[in-house]
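Going by the numbering used here, the first residue of the sequence shown is number 224, and it counts up by one from there.
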Amino acid sequence: MNQSKPLLLTLLTGEDAAEPTSGANERRRQQQQLGRGDTISTQERRQQQQLGGDEMVEATQQQLGRGDTAATRERQQLGRGDTAATRERRHSSNSGEAATHGRRRDRLEGGRKANCIKLVITCILTIISISQSQPITSEIDVTAFGAIGDGITDDKLALQDAWNVACSSTGNLMLPSGNFLVGPTTFRGPCKPKTMVVNVIGTVKAIPRKDWNNEADTWLNFEHVENLIITGPGQFEGQGDSGWWDCEKTNNCETNPTALGFHHCNGVKLIKVTSKNSPKNHISINACDGAIVDNVTLIAPKESPNTDGIDISATNGVHVNGGTIQTGDDCIAINGGSSNIHIDGLFCGPGHGVSVGSLGRNGKTDIVRNVTVINTTFTATQNGARVKTVPGGSGLADDITFSNITMVAVENPIILTQFYCPHKQCNDIPPVVHVSDVTFKDIHGTSSKPDAINILCSKSPESCTGITLEQINIGAANPAQRVVSNCHNTRVQTIGVVSPPIVCTPASFISIDTVTHEQPSKDII
């Protein structure tokens, strides 16, 4: 036993057997002073496990003064309560979890790759969609489709082919310098680009009347083309002449063709367009909400019948900005179904002025609302600011204002009549198109005839209401002439100076400022 103790100490301490026992005891005391619960190193415990002797373990436990086994000390050393077997199982479990995590990682990486592919495909499709929805800037030149532009050859088919390509691709059509003879044709939409632009640099000429198809009521007709833009500086030559305009002798001018027709073309814009000698109306805007007419020039002889500059019907939201219109009929006519019409800075004359109506023709029901005409000059026109309804019709003309208007030698500067009878075709049926809230404001200039102001309403009760004259000063174009005002069957409110002064019959006149009343001249029907 005495011989085995040095061996045991050697195994436990790793010291040589010849080392004095007191040295080992001293070392244990130092370890206890350091506050450590054991003095056996990890290497010594492994040596104890290799020996597997119960007595060695018991002796060691006695020397350490502790009742735990080597396995317990090992678990304390590791800070864990599991045995080596548990650790092995956990190691196996961790290995399984690692494999599971690996598979999950592979699936995630695969999902990420799939998502990346989907994202790339989405981006490509988006780019394609954007490229298809946006017009290409390159122009389609009609000469590339066989248009000659010599004023002799009919370029109708070439123009139609060029339109079809532009409408389905670039959205830009150009007519370069030249004289392009074109028969009546229709340009149809909808077009693929969001905006369709027609840039007219040269001249587009209508075919002569002898070559015209009598079934066509419009020379160049545009239908269902959204956001159509037609720009100058070129021009449209309608080749109207006595062959067309002699129609007045037979009262058959209605069959003459309009030069430019726009039907169901929301957002149409006409910019610096010139139209000359149209057989009938220069521009017809029908059911085209949000139209803009900017600085156009429309010209026809003073004697040419029914050559209206711009006809507006069944349309909401039209802006006419600037421009010059010289025709044989209304510079602008605002017909039934129209609303929110704004005309600013127009030069009109010769012609028949700016007219609301005629309304109620052939017994129709027509409604026009919210019309404003401002900063406009009428020169040598038959009428200036006009509202006209036909007896026997029905409907409403409401919220109409003519403001800041200049009259230069105008035959009828201000006229509101419910007795408009073209070609004396009216009967004795009283008019029922109600006229309300009409204001004539800040109007000055000269009249070429004695009747400067005419407010001619029906005897039907309340057929004309809310008529206002404010700051009116119209003199005679001929200094030797005297001008007067006429008013029948209504009440008129005056504000400020109104000259020539107005009195209505029967006497139901309202005056805000004191004015001198004069008797009206003969009735105007």
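Think of the CB as a built atom: it goes at the ideal place given N, C-alpha and C, for glycine as much as any other residue.
query, result
"Of the residues 536, 675, 663, 645, the one placed nearest residue 604, counting alpha carbons only", "675"
"DSSP bridge partner residues for residue 722 (one or two, in chain order)", "696"
"Through-space distance from residue 566 to residue 632, alpha-carbon basis", "21 Å"
"Residue 636 in three-state terms, based on DSSP", "strand"
"Straight-line gap, residue 549 to residue 520 (C-alpha atoms, nearest Å)", "8 Å"
"Residue 687 beta carbon less than 8 Å from that of residue 662", "no"
"Best match in 586, 628, 638 for proximity to residue 614 [C-alpha to C-alpha]", "586"
"Reduced DSSP category for residue 467 - H, G, I as helix; E, B as strand; rest coil", "helix"
"For residue 618: DSSP bridge partner residues", "589, 656"
"Buried or exposed by the 16-neighbour rule on C-beta atoms within 10 Å, applied to residue 278", "Its pLDDT being 45, under 50, residue 278 is placed unreliably in this model, and the coordinates cannot settle the point."
"Opening and closing residue of the beta strand (DSSP E) in which residue 674 lies", "674-679"
"Any 3 or more C-beta pairs closer than 8 Å across the segment 617-635 and the segment 589-598", "yes"
"Identity of the residue in 568, 726, 516, 657 nearest residue 450 by Cα", "516"
"Identity of the residues DSSP links to residue 377 by a beta bridge", "404"
"Bridge partners - residue 626, DSSP secondary structure assignment", "597, 664"
"Residue 364 versus residue 497 - alpha carbon distance", "20 Å"
"Cut-off 6 Å between Cβ atoms - residues of its own chain near residue 488, not counting five sequence neighbours on either side", "445, 448, 451, 511"
"Integer Cβ distance of residue 715 from residue 692, believed to fall under 8 Å", "6 Å"
"C-alpha gap between residue 725 and residue 437, whole angstroms", "49 Å"
"Local conformation of residue 411 per DSSP, three classes", "strand"
"Cα-Cα separation between residue 377 and residue 403, rounded to whole angstroms", "7 Å"
"Terminal residues of the beta strand (DSSP E) in which residue 501 lies", "Segment: none, residue 501 is in no beta strand (DSSP E) and carries neither H nor E."
"Contact check, residue 461 vs residue 482, beta carbons under 8 Å", "yes"
"Pair within 8 Å by beta-carbon distance, residue 396 and residue 385", "yes"
"Cα-Cα separation between residue 443 and residue 578, rounded to whole angstroms", "25 Å"
"Spatial distance of residue 422 from residue 601 (CA atoms)", "30 Å"
"Length of the line joining the Cα atoms of residue 576 and residue 533", "11 Å"
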